[in-house]
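Counting in numbering that gives the first Met the number 0, the sequence shown runs from 0 upward without gaps. In this text, a Cβ means the ideal position worked out from N, Cα and C, and glycines have one as well. Remember, predicted model here, so these are calculated numbers, not experimental data. Heads up, the thing below is written out as structure tokens.
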Amino acid sequence: MKILVVDDEAWMRRTLSVMLQKWGHEVLEAADGEEAWTRLQHEPIGMAICDWVMPRLNGLELCHRLRAAGFSHYVYLILLTGKDQTEDIYTAFDAGADDFINKPVNAKELQVRIKAGERVLQLEQALKTKNAELSRVNEALQASQAHVQRDLDAAAAVQRSLLPASSETGLPLRLAWAMAPAEQLAGDIFNFFRLDERHLALYLIDVSGHGVPAAMFSVHLTQLLSPHPGTSGKAQLQPPTDSHPAMTVSSGFATAEAIAPQESLTDPVAVVTRLNQGFQVHDRNMIYCTMVYAVIDTHTGKGSLCQAGHPYPLLYRREGRVETLGGGGLPVGLIADADYEAVDFQLQPGDRLLLYSDGVTECFAPDRSPFGLERLAETLRLARGASLDEAILQIQEALERWRRPANGESPTLADDISMLAAELDAPQSSR
């Protein structure tokens, strides 16, 4: 180890140097604190043995200057002095000295104190090496996290692109919606599409869980439910393709046979039944979903829906009454031979149908009380004078007020919140 001996008396410097060299150390000498300071700034010195009382810059002042400099490496400093008062020792340590030896110097004592200093320096170097390694690992993790975040951003953008881009359908039916994911990627998904010149289909799906697996499953379901023209001229379930094959065990989801391309999207029960048969949970995957799928004849206001373990749709009547629709049903993916039922309803001009996920009714207040179905129905009723877009906004605001604590800082959502609403304008035919 390279040791700097600092003393204004040449014989003391020489005595110490001889001992240190005998013990295998490389020795440098300085006649006062200023000379020592110059050497410390320009040479990789690990330890300094310094006299307290010296001209120009004494040992205590050198301690202060050394500790204030913030060198990249640590210099272990031993002060030599004839002072033996307790207050002097306190002063030396407070100035930054690591050890303290009284004059005259005892060779054995000096040797063991140097060894103690070497252990400290070795530990300091090991810590420095470990910190450098941790810094490299942290940089790699940050780079990896940035890469993952870019992928999540891209996935979230894809998922958002699957939501309705416009409420315009060319049919006498107003539509409005809202989505607030609990995480960057949502397990909720909804959409609507025109089936023919008078029928519109709409659905809302809530996939179990959150994050990437739930989002991937919801995206796949959306692709399967995307209409394409069939031989009969009706919109049909999108068949699997090379880019988006039927889900299998190898894809990470439940085993599924292909969703039959000849299956029509106009029959809610048939759609839900085929999805349930195609996607079943298994030991390696427990993803399932709840959903409501509805078809509305916009000319007559007649509608039919199928509910699969999803919260009850709400039907607001223009005279101010709110009804619940559906009978529950089993979630999609739990029981392969589950039976599903159609629920018929009739819309009059001004009536509103609201589909929503359980993140709405199970939105919790600070005291853990849920928003609930009754409160949602009342909020929908109170918005009767507002446009459909404004009504959805009022529900969002009510949810935000409900979950906001006294300090006004709303906590992170526990579940995705999604809503899709439809309002009949005017019938086009009495048939």
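Which same chain residues, not among the five before or five after residue i, have their C-beta less than 6 Å away from its C-beta?
| i | result |
| --- | --- |
| Leu126 | none |
| Gly327 | none |
| Glu435 | The structure shown does not extend to residue 435, since the chain spans only 0 to 430, so no value can be given for it. |
| Gln183 | Leu151 and Ala155 |
| Glu25 | Lys1 |
| Ile295 | Leu199 and Gly302 |
If we count the other Cβ atoms within 10 Å of its Cβ and call it buried at 16 or more, is residue i buried or exposed?
| i | result |
| --- | --- |
| Ile113 | buried |
| Gly467 | No answer is possible for residue 467: the residues shown for the chain start at 0 and end at 430. |
| Pro180 | buried |
| Ala213 | buried |
| Asp424 | exposed |
| His146 | exposed |
| Asp93 | exposed |
| His63 | exposed |
| Gly58 | buried |
| Ala469 | Residue 469 is absent from the structure shown; the chain starts at 0 and stops at 430. |
| His281 | exposed |
| His209 | buried |
| Val331 | buried |
| Gly116 | buried |
| Gln144 | exposed |
| Ala382 | buried |
| Asp50 | buried |
| Leu274 | buried |
| Gly277 | buried |
| Leu122 | exposed |
| Thr378 | buried |
| Leu76 | buried |
By DSSP, does residue i sit in helix, in strand, or in coil?
| i | result |
| --- | --- |
| Lys21 | helix |
| Ile258 | Reliability fails at Ile258, whose pLDDT of 47 lies under 50, so the model's placement of it is uncertain and the value that follows must be treated cautiously. It is coil, neither helix nor strand. |
| Pro212 | helix |
| Cys49 | strand |
| Ile334 | coil |
| Ser417 | strand |
| Ala177 | strand |
| Gly302 | strand |
| Thr90 | helix |
| Val206 | strand |
| Ser263 | strand |
| Leu79 | strand |
| Arg137 | Note on identity: in this sequence residue 137 is Asn, with Arg being the wrong assignment. Of the three classes helix, strand and coil, the one that applies to Asn137 here is helix, per DSSP. |
| Cys62 | helix |
| Leu199 | strand |
| Asn190 | strand |
| His219 | helix |
| Asp150 | helix |
| Asp296 | strand |
| Ala364 | coil |
| Glu422 | strand |
| Lys107 | helix |
| Lys129 | helix |
| Met290 | strand |
State yes or no: is the C-beta of residue i within less than 8 Å of the C-beta of residue j?
| i | j | result |
| --- | --- | --- |
| Met18 | Leu109 | yes |
| Ser263 | Pro310 | no |
| Ile204 | Met285 | no |
| Leu346 | Gly300 | yes |
| Val74 | Leu39 | yes |
| Ile416 | Trp176 | no |
| Thr323 | Leu199 | no |
| Leu27 | Ile48 | no |
| Arg193 | Leu170 | yes |
| Leu375 | Leu313 | yes |
| Cys288 | Leu372 | no |
| Met53 | Asp98 | no |
| Ile188 | Ser160 | no |
| Leu120 | Gly95 | no |
| Pro404 | Pro365 | yes |
| Ala293 | Tyr202 | yes |
| Phe191 | Pro163 | yes |
Beta-carbon within less than 7 Å of residue i's beta-carbon, same chain only, minus the 5 sequence neighbours each way: which residues are those?
| i | result |
| --- | --- |
| Gln141 | none |
| Thr436 | Nothing about residue 436 can be read from this structure; the chain reaches only from 0 to 430. |
| Gln158 | Leu184, Ala185, Ala214 and Val218 |
| Glu480 | Any answer about residue 480 is impossible in this case: the structure gives the chain only from 0 up to 430. |
| Phe363 | Pro369, Arg402 and Ala413 |
Apart from the five residues on each side of it in sequence, which residues of its chain come closer than 8 Å, Cβ to Cβ, to residue i?
| i | result |
| --- | --- |
| Glu361 | Pro369, Phe370, Ala413 and Asp414 |
| Gln20 | Val26 |
| Lys102 | Leu79, Thr80 and Gly81 |
Tell me whether residue i, by its Cβ, gets closer than 7 Å to a heavy atom of the ligand FAD.
| i | result |
| --- | --- |
| Trp10 | The model depicted lacks the ligand FAD and carries no ligand whatsoever. |
- Taking one C-beta from the segment 267-275 and one from the segment 299-315 each time, how about it: are there three or more such pairs within less than 8 Å? Verdict: yes, contact present.
- Message: If contact is defined by three or more beta carbon pairs under 8 Å, each pair taking one atom from either stretch, is the segment 80-95 in contact with the segment 30-37?
- Response: Using a Cβ-Cβ distance cut-off of 8 Å, the segment 30-37 and the segment 80-95 are not in contact, since fewer than three pairs of beta carbons, one from each stretch, lie closer than that value.
- Query: Counting pairs of Cβ atoms below 8 Å between the segment 329-337 and the segment 390-397, do you hit three or more?
  - Reply: No, the segment 329-337 is not in contact with the segment 390-397.
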